[in-house]
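Enquirer: Here's a structure for you.
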Amino acid sequence: MNGPHDMGGFTGFGPVLHEYDEPVWHDGWEPRAFALVLAMGMTGSWNIDEARHARERLPAMQYWRSSYYEMRHFALILQLIELGIVTAMEEEQGGMAMPPKPVKRVAKAEMIPAILASGGPANRPSNLPQGFAIDDKVRVRTINPSGHTRLPRYARGKAGQIVAVHGTHVFPDSNAHGAGEDPQWLYTVRFTAQDLWGQDTKDAVCIDLWEPYLEAAP
Amino acid sequence: MPHDGHHHDHDHEGSELSPLALRVKALESLLVEKGYVDPKALDVLIDTYETKIGPRNGARVVAKAWTDPTFADWLKRDATAAIASLGYTGRQGEHMVALFNTPETHNMVVCTLCSCYPWPVLGLPPVWYKSMPYRSRAVIEPREVLKEFGVEVPDEREVRVWDSTAEVRYLVIPERPPGTEGWSEEQLAGIVTRNAMIGTGIVTA
Chain W
512 MNGPHDMGGF TGFGPVLHEY DEPVWHDGWE PRAFALVLAM GMTGSWNIDE ARHARERLPA
572 MQYWRSSYYE MRHFALILQL IELGIVTAME EEQGGMAMPP KPVKRVAKAE MIPAILASGG
632 PANRPSNLPQ GFAIDDKVRV RTINPSGHTR LPRYARGKAG QIVAVHGTHV FPDSNAHGAG
692 EDPQWLYTVR FTAQDLWGQD TKDAVCIDLW EPYLEAAP
Chain G
1215 MPHDGHHHDH DHEGSELSPL ALRVKALESL LVEKGYVDPK ALDVLIDTYE TKIGPRNGAR
1275 VVAKAWTDPT FADWLKRDAT AAIASLGYTG RQGEHMVALF NTPETHNMVV CTLCSCYPWP
1335 VLGLPPVWYK SMPYRSRAVI EPREVLKEFG VEVPDEREVR VWDSTAEVRY LVIPERPPGT
1395 EGWSEEQLAG IVTRNAMIGT GIVTA
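Line by line, the protein sequences are chains W and G.
In terms of this note's numbering, the numbers along the first sequence are unbroken and rise by one, the last being 729.
In terms of this note's numbering, the numbers along the second sequence are unbroken and rise by one, the last being 1419.
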């Protein structure tokens, strides 16, 4: 989807304000909101691509106005309500009105270090042939999927060159929509600033792109 | 749980909580009441990213790369394994790539679509990294953004921006500054900044 999250190439958001010696949190609710997002993710009720897609589906103005942890909190509520894990009324009132819906796992305190240390690798075996090799010239397909995609708008239709091959990885466009992991070849593609933006510089942008986003270029 | 100087509003029941803070608190109570969340697990998660996982980890990787050519070579070939050998693995660092700055290339990392960031080596991302200005401008005007961080890259040097659109996570290995010959790994780790490992800073002795 061409959502508010797809920020690359916008201007008008002002300077990058960076804080010297920045603390991890800026308000007391932030760590709680952050930990709730992680802990609910650990219940196995959704995958990372579904979680990203929930954030993208927030209304654009809300997305742009929100701080990072606000945005994560709003997206968490969206998912909880959509999946029937909590009801809108429960969320509003902060108390249980419906019996809990079973979840795959509840992460106890003692399980957390192991869960974080193992993470969630995205590489998967696949029998698909590798379509491109390092140095191949490719062009990004001009597509505008209505659902989740990790193909940024600013790269669509642009020509680039393969600089790395990462094997076959879970395909977010499928995995975000309950259509399975559908692993696809993942490449890093280098685009010159000239090709992306018409800039006369030596600069470049490298983007990780799955094979279905790409076609061979002459 | 350790508190490093800044206040935690949730410890002060009912006093001056913003509507959002109240809403987060209410959701926590609800999820605990429904049995989905162990409140002690929340404390462990917070403590982990407050005190255990942060940019000091990445600084150790950089310092080792500067002093140990075999490690640097391993980092170039298989950053995930090389970094794991120092004990940094897992969530948001499952597939690591190390980007070595050189006199020809200055690397800089962004996630234009969300806020992907190599947690095991850098901890949680700073606010600016997740902000709309950085996410929108890093790919189209990286040199202007770098100037706002006080970094001037000579025209003849390529600025190469890495947009983290997949589950691959990037760690910039900055150039070792002159004047650090003979320094220990620990001394070197002490001068490596978070921004230098994102590519919005350079390391100075």
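Here a beta-carbon is modelled for each residue, glycine too, at the ideal position from N, C-alpha and C.
1) Does any C-beta atom of chain G lie closer than 9 Å to the C-beta of residue 593 of chain W?
2) Could you compute how far the alpha carbon of residue 1345 of chain G sits from the alpha carbon of residue 1362 of chain G?
3) Alpha carbon to alpha carbon, what distance is there between residue 1251 of chain G and residue 1245 of chain G?
4) Starting from the C-beta of residue 583 of chain W, find all residues in its chain whose C-beta is less than 6 Å away, skip the five residues before and the five after it, and write them out in chain order.
5) Residues in the same chain with beta-carbon distance under 8 Å from residue 1350 of chain G, minus the five sequence neighbours each way, listed in chain order, please.
6) Please check if any C-beta of chain G sits within less than 9 Å of the C-beta of residue 661 of chain W.
7) According to DSSP, simplified to helix, strand and coil, what is residue 540 of chain W?
8) Output, in sequence order along the chain, the residues in the stretch 526-541 of chain W whose CB is closer than 8 Å to any CB in chain G.
9) Going straight from the alpha carbon of residue 1383 of chain G to that of residue 540 of chain W, what length do you get?
10) Closer than 9 Å, Cβ to any Cβ of chain W: which residues of the stretch 1401-1412 of chain G, in chain order?
11) For the ligand PLP, is there any heavy atom lying closer than 8 Å to the beta carbon of residue 1373 of chain G?
12) Residues of chain W with a CB under 7 Å from the CB of residue 1308 of chain G: which are they?
13) Whose CA, out of W/705, W/727, W/589, W/696, lies closest to the CA of residue 720 of chain W?
14) Could you check which residue in G/1240, G/1302, G/1309 has the C-alpha nearest to that of residue 1262 of chain G?
15) Whole angstroms is fine: what's the gap from residue 1293 of chain G's alpha carbon to residue 1238 of chain G's?
16) Quick check on the DSSP output: what are the complete beta strand (DSSP E) runs of length 3 or more inside the stretch 577-665 of chain W, in order along the chain?
17) DSSP three-state label for residue 1408 of chain G, please.
18) Comparing the C-beta of residue 714 of chain W with each C-beta of chain G, is any distance below 9 Å?
19) Give me, in chain order, the residues of the same chain whose beta-carbon lies closer than 7 Å to that of residue 554 of chain W; leave out the 5 immediate sequence neighbours on both sides.
20) So with CB distances below 8 Å, who are the chain W contacts of residue 1418 of chain G?
21) Are the C-beta of residue 521 of chain W and some C-beta of chain G separated by less than 9 Å?
22) Tell me where the alpha helix (DSSP H) around residue 1397 of chain G begins and ends.
23) Using a Cβ cut-off of 9 Å (strictly closer), state whether residue 604 of chain W contacts chain G.
24) Would you say residue 720 of chain W lies against chain G (beta-carbon separation less than 9 Å)?
25) Residue 1297 of chain G versus chain W: which residues are under 9 Å apart at the beta carbon?
26) Measuring straight from C-alpha to C-alpha, what distance separates residue 716 of chain W and residue 687 of chain W?
27) Using a C-beta to C-beta distance shorter than 7 Å, which residues of chain W count as neighbours of residue 1363 of chain G?
28) Hey, how far is the Cα of residue 669 of chain W from the Cα of residue 1413 of chain G?
29) CB-CB under 6 Å to residue 1376 of chain G, same chain, minus the five flanking residues each way: which ones, in chain order?
30) Going along chain G, which residues have a C-beta under 8 Å from residue 617 of chain W?
Expert: Taking the structure as given:
1) Taking 9 Å as the threshold, the shortest C-beta distance from residue 593 of chain W to chain G does not fall below it.
2) When rounded, the distance between both Cα atoms is 14 Å.
3) Between residue 1245 of chain G and residue 1251 of chain G, the C-alpha separation is close to 6 Å.
4) 548
5) Within the same chain, residue 1350 of chain G has close Cβ partners 1326.
6) yes
7) The answer is helix: DSSP assigns residue 540 of chain W an H, G or I state.
8) Cβ contacts with chain G come from 526, 527, 528, 529, 530, 533, 534, 535, 536, 537, 538, 539, 540.
9) 28 Å
10) 1408, 1409
11) No copy of the ligand PLP appears in this structure; indeed no ligand is present at all.
12) 630, 631, 632, 633
13) W/696
14) G/1302
15) The alpha-carbon atoms of residue 1293 of chain G and residue 1238 of chain G are separated by roughly 37 Å.
16) As far as the stretch 577-665 of chain W is concerned, its whole beta strand (DSSP E) runs of at least 3 residues are 648-651.
17) Of the three classes helix, strand and coil, the one that applies to residue 1408 of chain G here is helix, per DSSP.
18) yes
19) 614, 615, 616, 617
20) Chain W residues near residue 1418 of chain G: none, gap ~15 Å exceeds 8 Å.
21) yes
22) That residue, residue 1397 of chain G, is in no alpha helix (DSSP H); it is neither H nor E in DSSP.
23) yes
24) yes
25) Ordered by position in chain W, no residue passes the 9 Å Cβ test against residue 1297 of chain G, which lies about 12 Å from the chain.
26) 26 Å
27) Ordered by position in chain W, the residues that pass the 7 Å Cβ test against residue 1363 of chain G are 529.
28) 25 Å
29) 1323, 1384
30) 1249, 1250, 1251, 1252
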